[in-house]
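When the letters of the sequence shown are read in order and numbered with UniProt numbering, they come out as residues 1 to 415. Where a beta carbon is used, it is the ideal one built from N, C-alpha and C, also for glycine. Worksheet: the structure to be examined is printed underneath.
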Amino acid sequence: MEVLKIATAGSVDDGKSTLIGRILYDTKSLTSDKLDAIKKTSKQKGYDYLDFSLATDGLVAEREQGITIDVAHIYFSTQTKSYIIADTPGHVEYTRNMVTGASTSQAAIILIDARKGVIEQTNRHFFINNLLRVKDVIVAINKMDLVDFSEEIYNKIKADFKSLMDKRDYQEQNITFIPVSALKGDNVVHKSKHTPWYKGQTLLEHFEQLDTEDIYNVGTPRFPVQYVIRPKTEEFHDFRGYAGKVYGGELSVGDEVVALPSQTKSKIKEIIVYDQLYQTASRRSSVTITLEDDINVSRGDMLVKAADLPTIDKQFTATISWMDSQNLVTGNKYVLQHGVNKVLAKVDAINHKIHPDYSGIEDNIQALGMNDIASVTFKLNKPIFFDPFKNHRTNGSFILIDSQSNNTVGAGFIQ
């Protein structure tokens with residue numbers, strides 16, 4: 001079954017958690033005890049409706065304040081797909097949580113309160129989805145029941161958002177607008193009788209028809225080696241296979257490949273999945289590859305097509321989302337993890353800070369604080385093999401780790 005991961009983003013009280021709860025309720029994905037708890041709590045609070053946000057807001061502080069703080073992953077399935085929804089907080093001080101939720105998502109929902117329209121936080125949410133190259137974005141204009149399902153208000157918000165779209169640098173992004181009421185269920189799972197002027201799909205219908213293969217950014221094939229298989233049994237005495245996942249494109253038997261960093265050439269002899277042989281490994285498939293030549297390939301190495309080499313360098317510039325309370329300053333050293341590779345990285349320069357509301361950049365920055373986004377240049381103690389993030393989401397991203405605390409302190413996207 002296909003798996004689709006969706007990130008959500010919205011300002012305070014835009015109704016993200018209620019929307020997710022409504023999806024779970026209408027797809028009959030809530031357990032009976034969870035539903036009973038929602039009914040009981042809603043009644044205790046004096047509501048004349050079911051408070052579906054209780055289905056996702058797991059922290060006590062979230063329930064008390066009626067807001068989302070942490071990133072929660074919610075799972076549900078339909079007949080055709082399995083879904084993972086990352087419920088991320090919308091507050092300015094939780095930008096790092098939004099980046100975390102969107103970094104592994106193939107689609108996103110940006111919620112807008114129909115009463116408020118496009119606000120500064122909307123710019124921030126769209127900027128992060130644009131930065132992370134999320135290909136399919138649904139702009140859910142929520143709380144339409146509070147504006148009498150006005151087509152005029154819907155069209156005005158749509159026009160305002162389209163002017164925001166002109167500022168993006170990722171033009172391949174697919175943007176879809178849907179008027180919804182998460183509380184009442186209009187256009188979430190079922191069509192609404194209150195919006196006869198809207199001829200499009202419901203939220204779930206849109207996700208159901210998405211081709212998950214099409215959502216992933218197509219790039220040049222990259223095969224990071226996760227494990228070297230040497231059974232050393234009588235039957236497979238000389239077997240040497242390289243296990244990993246194919247990213248970006250396809251690899252086929254007979255392709256000439258280069259092993260990095262050694263830059264030794266060989267050809268693909270076999271592509272194996274369990275005990276089956278295949279001619280081609282499609283992108284995002286986990287396979288074992290054998291080579292015609294007995295060359296030295298270890299965990300952390302990468303197999304690439306001979307005609308499509310990545311950049312191999314000890315220095316690069318990246319957009320950084322800083323996630324730690326300790327500031328990032330020039331000269332600091334961190335462990336940089338790129339795929340399965342770990343190298344030592346030194347901050348060479350903070351080039352400028354980027355305002356994620358599309359208001360521009362800020363020069364002469366001495367340090368980065370938590371939730372800051374900036375362009376930073378790094379020097380490494382040994383080369384890594386990378387692509388620009390805009391060309392290859394997997395091979396163009398990395399994390400920074402504090403060697404003292406072992407905390408992940410930043411996420412990076414190579415320019």
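Report the option in the options whose CA atom is closest to the CA atom of residue i.
i: L291; options: P196, I157, A349 and V258; result: V258
i: P356; options: V99, S266, L344 and T394; result: V99
i: I229; options: D293, F223 and R299; result: R299
i: S266; options: E256, I74 and R284; result: E256
i: G331; options: T288, Y358 and V376; result: V376
i: D169; options: H338, R133 and F76; result: R133
i: D275; options: N391, I289, S321 and V225; result: I289
i: N391; options: I384, T311 and D363; result: T311
i: G254; options: V304, G219 and V329; result: V304
i: L24; options: K162, A159, S252 and V188; result: V188
i: F398; options: I365, G360, N341 and A367; result: N341
i: A86; options: F52, K16 and V347; result: K16
i: F161; options: T408, V118 and M144; result: V118
i: R222; options: T212, A243, Q209 and F236; result: A243
Would you identify the three-state DSSP class for residue i, choosing helix, strand or coil?
i: M302; result: strand
i: L203; result: helix
i: R22; result: helix
i: G313; result: The amino acid occupying residue 313 in the given sequence is Asp; Gly does not appear at that position. Reduced to three states, the DSSP call for D313 is strand.
i: T212; result: helix
i: T408; result: strand
i: S32; result: helix
i: F398; result: strand
i: residue 457; result: Only positions 1 to 415 of the chain appear in the structure, and residue 457 is not among them; the question remains open.
i: I287; result: Ile is not the amino acid found at residue 287; the sequence shown has Val there. Reduced to three states, the DSSP call for V287 is strand.
Mark residue i as exposed unless 16 or more other C-beta atoms lie within 10 angstroms of its C-beta, in which case mark it buried.
i: V246; result: buried
i: P196; result: exposed
i: V80; result: The residue asked about is misnamed: residue 80 is Thr in this sequence, not Val. Looking at its Cβ environment, which holds fewer than 16 other Cβ atoms inside 10 Å, T80 is exposed.
i: M1; result: exposed
i: A140; result: buried
i: Y75; result: exposed
i: G410; result: buried
i: R393; result: buried
i: Y47; result: exposed
i: K28; result: exposed
What is the C-beta distance between residue i and residue j, in whole angstroms, given that I count them as a contact (C-beta under 8 Å)?
i: A349; j: K333; result: Going by Cβ atoms, the distance from A349 to K333 rounds to 14 Å, so no, they are not a contact pair.
i: D182; j: L19; result: One detail in the question is off: residue 182 reads as Ala in this sequence, not Asp. The Cβ separation is near 4 Å, so the contact holds.
i: D14; j: N142; result: 6 Å
i: V343; j: N381; result: 6 Å
Are at least three pairs of beta-carbons, each pair with one atom in the region 104-124 and one in the region 222-237, less than 8 Å apart? no
Are the region 190-205 and the region 136-155 in contact at 8 Å, needing three or more beta carbon pairs? yes
Answer yes if the region 169-184 comes into contact with the region 122-136, meaning at least three C-beta pairs across the two stretches below 8 Å, and no otherwise. yes
Stretch-stretch touch, CB-based, cutoff 8 Å, three pairs: the region 309-327 with the region 379-389: A contact is defined here as three or more CB-CB pairs under 8 Å, and the region 309-327 meets this definition with respect to the region 379-389.
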